[in-house]
Amino acid sequence: AKEQYNDKGISIVVFTDIVRLSPGEGARVKIENGKVKIYVGSGPHGQAYYDTFSKLASEVLGIPADLIEVYSNSTEYVKEGIGSFGSRSGTIAGSAVIEASRQLLNKVKDINKALKEMDGVEVEVFYKSDDIFSPGAYVAVVDYDKDTGFPKIFNIFPSQ
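Heads up: the sequence shown is residues -11 to 148, going by the working numbering.
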């Protein structure tokens, strides 16, 4: 790589993104018709939140994800729901789903018995969080056109 970019410059950019945005997120978890229904204020926008939220609840409750249904984006579902924007849903709504699932499990003790005998039992939470910061960096191989002064980017490497 050194030979390929020998006469080029290197640009390093670092940043921090705030991913929490707003005070928190609501989630409600309810046993209904032999399934667990999860209601969240955050909604899907191409990042597989329904799958993510059902897998989080499945892990906490110890039941298969196919016994979990996820619903979103309605004030009928949760008292306090903020929504999906600014990289917050996975961290904040996911945390709300985990907390509501834990509280439901604590309330019913035996989830398998509850799925058969405790229709209508539910827990609703509003998960509050401090700011969450996500750092990152990019390194670019750059040069500029000596006649025009315009920069040229030869390659860019994002951090993972």
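Glycine included, every Cβ here is placed at the ideal spot set by N, Cα and C. All figures in this text were calculated on a predicted structure; none of them were measured in a lab.
Beta strand (DSSP E) segment containing residue i, residue limits
| i | result |
| --- | --- |
| A15 | G12 to E20 |
| D5 | G(-3) to I6 |
| Y(-7) | Where Y(-7) is concerned, there is no enclosing beta strand (DSSP E), given that its DSSP letter is neither H nor E. |
C-alpha distance - residue i paired with residue j, whole-angstrom precision
| i | j | result |
| --- | --- | --- |
| S(-1) | S122 | 20 Å |
| E57 | F142 | 47 Å |
| G78 | L103 | 26 Å |
| K(-4) | V130 | 6 Å |
| S60 | S42 | 12 Å |
| G34 | G124 | 22 Å |
| K101 | F145 | 52 Å |
| D39 | A53 | 8 Å |
| D119 | I80 | 10 Å |
Nearest neighbour of residue i, chosen from the options [CA to CA]
| i | options | result |
| --- | --- | --- |
| V111 | D118, R90 and I56 | R90 |
| A15 | F3, A45 and G(-3) | A45 |
| G31 | E20, K18 and G82 | G82 |
| E20 | G34, G108, K95 and K97 | G108 |
| V24 | P11, F3 and M106 | M106 |
| K18 | V127, V96 and Y126 | V96 |
Same chain, Cβ closer than 8 Å to residue i, five either side skipped, listed in chain order
| i | result |
| --- | --- |
| D135 | none |
| F138 | Y132 |
| E87 | A15, V113 and Y115 |
Alpha helix (DSSP H) segment containing residue i, residue limits
| i | result |
| --- | --- |
| S60 | Element bounds for S60: not the alpha helix (DSSP H) but the beta strand (DSSP E), I56 to S60. |
| Y37 | Y37 to L49 |
Close beta carbons around residue i, own chain, < 7 Å, minus the five adjacent residues each side
| i | result |
| --- | --- |
| L93 | V48, L49 and I99 |
Close-in-space but distant-in-sequence residues of the same chain around residue i (CB under 6 Å, 5 per side omitted)
| i | result |
| --- | --- |
| P11 | K116 |
| D5 | S122 |
*Which runs of the alpha helix (DSSP H) spanning at least 4 residues fall entirely within the region 75 to 139, listed in chain order?*
The qualifying runs are 82 to 96 and 99 to 105.
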